[in-house]
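K.L.:
Below you'll find the structure I mean.
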Amino acid sequence: MAEELIRLEDLVKIYDTGAIKVLGLKRINLTINRGEFVAIMGKSGSGKSTLMNILGCLDRPSMGHYYLDGTDVASMTPNELSDIRNKKIGFVFQSFNLISRTSALKNVELPMTYARVGKRARRERALKLLDRVGLLSRAEHLPNELSGGQRQRVAIARALANEPPLILADEPTGNLDTAASEEIMGLFSQLHKEGATVVVVTHEENIAEFTDRIIRFQDGLVISDDRRGGAEGAV
Amino acid sequence: MLFENMNMAFSAIRVNKMRSFLTMLGIIIGIGSVISIVSIGDTMRNLFADLYKDVGVTQAFLCVGYWIDDRRMSDYFMLDDLERVKEVFGDSIAYIDSNMSTGAEAIYQKTTVSFDFTGIDYNYIDVQPVDMIYGRYLNEGDVLGRKKNVVMDVDSAMLLFGTEDAVGQTFRTDLYGNVDEFTVVGVYKKEMNAFQSLMMGGRSDRGSAFVPYTLLTWPNDYFYYLHVYASEDVDLNEFLDQLKAYVANIKGRNPEDMYMQTAMEEMSSVDSVMGGLSAAVGGIAAISLLVGGIGIMNIMLVSVTERTREIGIRKSLGAKTRDILIQFLTESAILSACGGIIGIIIGVGLVSGIGMAFGIGVVIRPAVVGMAVSFSAAVGVFFGLYPASKAAKADPIDALRYE
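Chains A and B are the protein sequences, given in the same order.
Residue numbers for the first sequence, in our numbering: -2 to 232.
Residue numbers for the second sequence, in our numbering: 606 to 1008.
And the structure:
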């Protein structure tokens, strides 16, 4: 039943700053199955951001293998990685990262534009996704006309645009107040229940509480990996 | 995808309206001046061509060279020479006269007006058409009989007689010292545009009239120039060479001792001056286009830096190197082409305005306009290449982290 989506094998990331080489990740072995709701925790400098960049195919490991949805992406070219990001990964960032001069609708359409989805299909799906995150009435608003929570919901709608197997959220509640944070995490829980694989990188315990599995990092190594069978966030 | 890119480009241009406009300004001025200069050059050429057509492109003046030292009495032409030339060349000559004119005071009652009298043959109207509005043109009888009849234009009639219909009126004047009475047999009107009247001297306080050319060669019948219009259907150069050779022969001179002035030569020299002028000013305009292009490159570099984060976001969402490259190239091409279009509107407007003010039909070649637009877009693409490739190569992680 448990089909694996992510498998990291002896993954090493070295940062070459010129004068010294820094080990960002030290031989990580990790598997995440399809449909899991995972939190990756750690202090700053623990390596969780490095892992997040590699999982998101924004960066390439120095050594080892990263199998995403069955293919090894460790040795792909930047343009091939763009394709993987476009089709396999939906990003949700701490600072929302919406394009400020275009409407919520256009922002949600953007990944589909790069996937060369036709105009009509794109618009239809974008409206459906905005409806799903409860922002259909705000489709034509610019990001700066929306609250933080609303912006993050637009970002989630955008992350779902190409129906990627993996939702990757980097401190998604870092810029939000408690109410908005719970709202966003509730949305992730709901996505998870509908079968999505969600990986949340965070340093906040109460955010990690929403997930089923917490992987803790320290100094570039996994120090704990706790599964909490059937545990659910308080919605 | 092209449509999306253009949309994105327009939204980016709209966000920084003032900056975009200032960036375009170089291109606007460059294209505007190229269009104006080329159109003004074309219009002037057209006007001169019209003017020469009007004056007569087949026209030539011929005489024994003014540089000849051993001047002889036989260097002058006589009416017999004229008749011989007419006979020998027959239909090749549309018109021929002695190219004589003189200025004198014309007196009518208490009015005295300075007049220019031009000696013409009766068929001058064939090569210099005018509309006779009163009376008749000079006829063969006037010329052969050396009648003291004149034909004048409407303005001159108004000047001297205070009326347009001066047919039958007489005035006194002294051509070559003899005071005589002259009769007006006809009044004509010649339509000219502003440029022609400007070049022709236009309206003035001097009158002008045609008299039989036989009057002006009188009493000794010597004259210095032959004034010829070739027929439209002859090979002009060949005809003029033959004419020159023939006249040299009857005057006992070598053809190279003859001086010949042709309208063709003048026209081509005006044409080459205009061409040179257009090229020089066009070159300066091209430099301003280059400067405009550099302005675009500069602002695109600023834009790429400012939008580093946007580039990062787009890359994280799956934009490939090519997508970003095309996005920024489209933007700089549109920026430049918009400048080009505004420049064309300004240039065409300016030239048309000037043309309208002077009552001249201006020449604006669509090919030049098309070339200006494509050239400005090409400037945009060329100068956008470096900033766009800089944007396209950005590392997504660094770009996302950029504040």
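For each residue, glycine too, the CB sits at the ideal point set by N, CA and C.
1. Using C-beta distances below 6 Å, list every residue in its chain close to A938 of chain B, excluding the 5 sequence neighbours before and after it, in chain order.
2. Could you work out which residues of chain A lie near E915 of chain B, taking near to mean beta carbons separated by less than 7 Å?
3. Kindly provide the ranges of any alpha helix (DSSP H) runs that are 4 or more residues long and lie completely inside the stretch 90 to 161 of chain A, ordered along the chain.
4. Below 7 Å on C-beta distance, what does D928 of chain B contact in chain A?
5. Is Y12 of chain A close to chain B, meaning its C-beta is less than 7 Å from at least one C-beta of that chain?
6. Below 7 Å CB to CB, which residues in the same chain sit around Y1007 of chain B once its five sequence neighbours on both sides are set aside?
7. Run the CB neighbour count on D758 of chain B, radius 10 Å, all protein chains shown included, and call it buried at 16 or more, exposed below.
8. Exposed or buried, A997 of chain B, counting other C-beta atoms within 10 Å across all chains shown (16 or more means buried)?
9. Would you identify the three-state DSSP class for S679 of chain B, choosing helix, strand or coil?
10. Where do the N-terminal and C-terminal ends of the alpha helix (DSSP H) with C943 of chain B fall, by residue?
11. Quick one: which unbroken alpha helix (DSSP H) runs of 4-plus residues sit fully inside the stretch 2 to 60 of chain A? Chain order, please.
12. Between G661 of chain B and Y829 of chain B, is the Cβ-Cβ spacing less than 7 Å?
13. Indicate whether at least one CB of chain B lies closer than 7 Å to the CB of L139 of chain A.
14. Going along the chain, which residues of the stretch 45 to 70 of chain A sit with their C-beta nearer than 8 Å to a C-beta in chain B?
15. Quick one: measure Cβ to Cβ for F694 of chain B and L848 of chain B, integer angstroms, because I've assumed they're closer than 8 Å.
16. Entirely within the stretch 816 to 871 of chain B and at least 3 residues each: give me those beta strand (DSSP E) ranges in chain order.
17. Run the CB neighbour count on F1041 of chain B, radius 10 Å, all protein chains shown included, and call it buried at 16 or more, exposed below.
18. Would you give the residue range spanned by the beta strand (DSSP E) that A665 of chain B belongs to?
19. Quick one, which of B:R919, B:G954, B:M961 has its alpha-carbon nearest A152 of chain A's?
20. Comparing C-alpha positions only, which one of B:Y729, B:N754, B:R751, B:R811 sits nearest to M763 of chain B?
21. Per DSSP, which one or two residues make a beta bridge with N783 of chain B?
22. For E1 of chain A, which residues of its own chain have a beta-carbon under 6 Å away from its beta-carbon, when the five flanking residues on both sides are left out?
23. If you count every other CB in all the chains shown that lies within 10 Å of the CB of M606 of chain B, and 16 or more means buried, which is it?
24. Quick check: the Cα distance between D846 of chain B and T707 of chain B, rounded to an integer number of angstroms?
25. Consider the Cβ of S43 of chain A: report whether some Cβ of chain B lies at a distance smaller than 7 Å.
26. Which residues in the same chain have their Cβ closer than 6 Å to the Cβ of E106 of chain A, if we skip the five residues on either side of it in sequence?
27. Given a cut-off of 7 Å on the beta-carbon distance, is the pair Y864 of chain B and C668 of chain B in contact?
28. Can you tell me whether E121 of chain A is buried or exposed? The criterion is at least 16 other CB atoms within 10 Å of its CB, across all chains shown.
29. Scan the stretch 141 to 155 of chain A for residues whose Cβ lies nearer than 7 Å to a Cβ of chain B and list them as they occur along the chain.
30. What do you reckon, are the CB atoms on T926 of chain B and N159 of chain A nearer than 7 Å?
31. Should D167 of chain A be labelled buried (16 or more other beta-carbon atoms within 10 Å of its own) or exposed?
32. Can you find at least 3 beta carbon pairs, one from the stretch 903 to 912 of chain B and one from the stretch 678 to 686 of chain B, that sit closer than 8 Å?
33. Do we get a CB-CB distance below 7 Å when we pair V232 of chain A with the residues of chain B?
34. Measuring straight from C-alpha to C-alpha, what distance separates F844 of chain B and I701 of chain B?
35. Can you confirm whether L169 of chain A, when its beta carbon is compared against all beta carbons of chain B, has any partner nearer than 7 Å?
P.N.:
So, to answer that:
1. Hits under 6 Å: A982, G985, V986.
2. Here the neighbours are I96.
3. Listed in chain order, the complete alpha helix (DSSP H) runs (minimum 4 residues) inside the stretch 90 to 161 of chain A are 101 to 111, 116 to 129, 145 to 156.
4. Listed by position along chain A, the residues whose Cβ is nearer than 7 Å to that of D928 of chain B are Y111.
5. No - not a single Cβ of chain B is within 7 Å of the one on Y12 of chain A.
6. Answer for Y1007 of chain B: T913, R914, G917, listed in chain order.
7. Classification for D758 of chain B: buried.
8. Buried is the call here.
9. In the structure shown, the three-state DSSP call for S679 of chain B is helix.
10. Judged by DSSP secondary structure, C943 of chain B falls within the alpha helix (DSSP H) whose first and last residues are 926 to 963.
11. The stretch 2 to 60 of chain A contains these whole alpha helix (DSSP H) runs: 45 to 52.
12. Against a cut-off of 7 Å, the Cβ pair of Y829 of chain B and G661 of chain B comes out as no contact.
13. No, no contact with chain B.
14. For the stretch 45 to 70 of chain A, the beta-carbon criterion of a distance under 8 Å to any beta-carbon of chain B is satisfied by N50, G53, L55, D56.
15. Between F694 of chain B and L848 of chain B, the beta carbon gap of about 7 Å places them in contact (Cβ cut-off 8 Å).
16. If we require 3 residues or more, the beta strand (DSSP E) runs fully inside the stretch 816 to 871 of chain B come out as 831 to 835, 863 to 867.
17. Any question about residue 1041 of chain B goes unanswered here, given that chain B covers just 606 to 1008.
18. It spans 664 to 669 - the beta strand (DSSP E) in which A665 of chain B sits, taken as one unbroken run.
19. Comparing C-alpha distances from A152 of chain A to each of B:R919, B:G954, B:M961 shows the shortest one belongs to B:R919.
20. Looking at the Cα atoms, B:R811 is the closest of the given residues.
21. N783 of chain B is bridged to B:L780.
22. Within the same chain, E1 of chain A has close Cβ partners T28, N30.
23. Classification for M606 of chain B: exposed.
24. C-alpha separation (whole angstroms): 30 Å.
25. Chain B contact via Cβ: absent.
26. Spatial neighbours of E106 of chain A in its own chain (CB-CB distance under 6 Å, excluding positions within 5 residues in sequence) are listed in chain order as R119, A123.
27. The answer is yes: Cβ separation under 7 Å.
28. By the 10 Å Cβ count, E121 of chain A comes out exposed.
29. If the cut-off is 7 Å between Cβ atoms, the stretch 141 to 155 of chain A has nothing near chain B.
30. No.
31. D167 of chain A is buried by the Cβ-count criterion.
32. They do not touch, by the three-pair rule.
33. Residue confidence for V232 of chain A is low, a pLDDT of 32 falling below 50, so the modelled location carries little weight; the figure read from the coordinates is stated next. Not one chain B Cβ lies under 7 Å of V232 of chain A.
34. Computed Cα separation, rounded: 14 Å.
35. Inspection of the sequence shows that residue 169 of chain A is occupied by Pro rather than by Leu. Cβ-Cβ to chain B under 7 Å: no for P169 of chain A.
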